[in-house]
Amino acid sequence: MAKWVYIEDLKSHIGEEVEIRGWLYNKRSSGKVKFLILRDGSGFVQSVMVKGTVPDELFQQFKDLTLESSIVLVGTVREEKRAPGGVELDVKDFKIIQKAVDYPIPKVREENIPDVGVLLPKRHLWLRSKKQWALLRIRDTIEKAIEDFFHEKKFVRIDSPILTPSACEGTTTLFKTDYFGEPAYLSQSGQLYVEAACMAHGKVYCFGPTFRAEKSKTRRHLMEFWMVEPEIAFFELDDIMALSEEFVEYLVKRVLNEREEELSILGRDVKKLEKIKRPFARITYDDAVRILKDRKMEFEWGDDFGGDEETAISEAFETPVIIHRYPAKIKPFYMKRDPDNPDVVLNMDMLAPEGYGEIIGGSQREDDYDTLLKRFEEENLPVEDYRWYLDLRKYGSVPHSGFGLGIERTIVWISGIRHVRESIPFPRLLEKIYP
RNA sequence: UCCCCGGUAGCUCAACCGGUAGAGCACCUGACUGUUAAUCAGGGGGUUGGGGGUUCGAAACCCUCCCGGGGAGCCA
């Protein structure tokens, strides 16, 4: 009885007879030599069958094997330099568990890649494609690295609620639901809650899905995306900038170390990732405006950067670039004003290199009760809904800071792909929620 | 919400000035003892997104609706 082994572990079973349970990825034949390429989730392996070395009845079954049929295969592991993974299987036996008929996603040839309009409704099957497989494994590594990074630094993970009673930054971008007759909204940020939690635990972070009903239809937007949001008591702007640099450097390093094969499947130029080392570039909003003016781009002080501006700024650097101290009037109420210049706030955005755009937004928070109350009034926000948040400034208020990193944009950048829709298993896009 | 582009075989595309639908891949049949997107030979496969109009004649031109893609704004 052959032992069930995963393809990724085959190298340590050379010479042994093993069982592989998986799906047919591709097959080729040259008359009396037949090749089956299997995938089992852990990797891909080619197995070989030569007429005469297996029973004729089995040899004939080759023609019944269709793309994506599920099979259990028994074979002997052999070192093989010609094979991409370094190992190959000599087939002893196989059984078809279920024969797939007319698999709707064709074998991908470069000139023949189906349109996303075709692939997206088949996302449940598209996940099996090599590129998608590689992407979601990189996502997994980033998610694990996030947990490791913060736990190594003794942060406490605090799960923020997904159903929230009120709007943090206006209701137009919120998904509204019914909560026993009261309106409730899907969370678009856990920030206010981790601000409360950091006063209990010092260093905290939340990590989960967030929801924005923005009518955005670009390669950088999803209606449902995952965000990690650290928040630290007694941290000021410089501290949070330093933490964000260390964090991003760590994530890139982990993917480089653990997902070499996947990056290669995606054709990622890893040399560019190897340059992601601290210190990152750090410039003020004013510096950024100067860069744009030097490039003869039309831009007024006080405007926010659009996609073109972000690209132009990030192209000036090989590392990610942090832009800090934005004009106060384009930033939300909870950001602390710069004591040295009340026109700007103590915030920071981090732009990924190669034109991948903003991956982090963070700030030092307003910690003074009266100032914050005044900001609520200026913005016409419903103070009653935020009494609990104001309480944090009444009972032992301290300077504190945090940031949010959108993981899909981080995955897209590190993987070198174009669109966020491939960085999440089942993307929620504008007016599209199937499957 | 706005601005562009597109919809022809299962997939990717072609079809000249409007003249009556064609290729590669996939699939099926056959050949081939080392294929790496195998190759070679043969075969089946179409209400050209829907509706209306112009015309002797429409995949093509006009109107309209539907669907898809790209971008802007907003943001992570």
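So the first sequence is numbered by our numbering: it starts at 1147 and just counts up by one.
Yeah, the Cβ is synthetic: ideal placement off N, Cα and C, and Gly gets one too.
By a C-beta neighbour count over all protein chains shown, 10 Å radius and 16 as the cutoff for buried, is L1309 buried or exposed? exposed
Can you give, in chain order, each stretch of the beta strand (DSSP E) that sits fully within the stretch 1187-1259 and has at least 3 residues? 1190-1196, 1216-1225, 1233-1244
CA-CA distance, K1349 and N1172? 50 Å
Taking all protein chains shown into account, decide if Y1325 is buried (16 or more other Cβ within 10 angstroms of its Cβ) or exposed. exposed
Which listed residue (D1450, K1299, K1245, E1257) has its alpha carbon closest to that of Y1431: D1450
For the alpha helix (DSSP H) containing Y1171, list its first residue and its last residue. No alpha helix (DSSP H) holds Y1171; the beta strand (DSSP E) holding it covers 1163-1176.
Can you check the stretch 1286-1326 for any alpha helix (DSSP H) of at least 4 residues that lies completely inside it and give the ranges in chain order? none
In whole angstroms, give me the CA-to-CA distance for I1579 and I1557. 21 Å
With three or more C-beta pairs closer than 8 Å as the rule, is the stretch 1330-1342 touching the stretch 1291-1310? yes
For T1356, the nearest candidate out of L1551, K1209, R1564 (CA to CA): L1551
Is T1222 closer than 8 Å to D1202 when the C-beta atoms are compared? no
Restricting to Cα atoms, I'd like to know which of V1196, G1231, R1274 is closest to S1170. Note on residue identity: the sequence assigns Leu, not Ser, to residue 1170. Checking every option, the nearest Cα to that of L1170 belongs to R1274.
M1195 versus N1258: straight-line alpha-carbon distance, rounded: 29 Å
Y1472 and N1493 closer than 8 Å at C-beta: yes
Under the rule that 16 or more other beta-carbon atoms within 10 Å means buried, what is Y1541, buried or exposed? exposed
So the candidates are E1256, K1363, V1529; which of them puts its Cα closest to the Cα of P1573? K1363
Would you kindly check if the distance between the Cβ of F1181 and the Cβ of I1153 is under 8 Å? no
Going by C-alpha distance, which of D1210, M1373, T1319, E1165 is nearest V1340? M1373
Beta carbon of R1167, beta carbon of V1200: below 8 Å? no
How far does the beta strand (DSSP E) with T1356 in it reach, from first residue to last? 1349-1357
Which partner residues of T1430 appear in the DSSP bridge assignment? H1470
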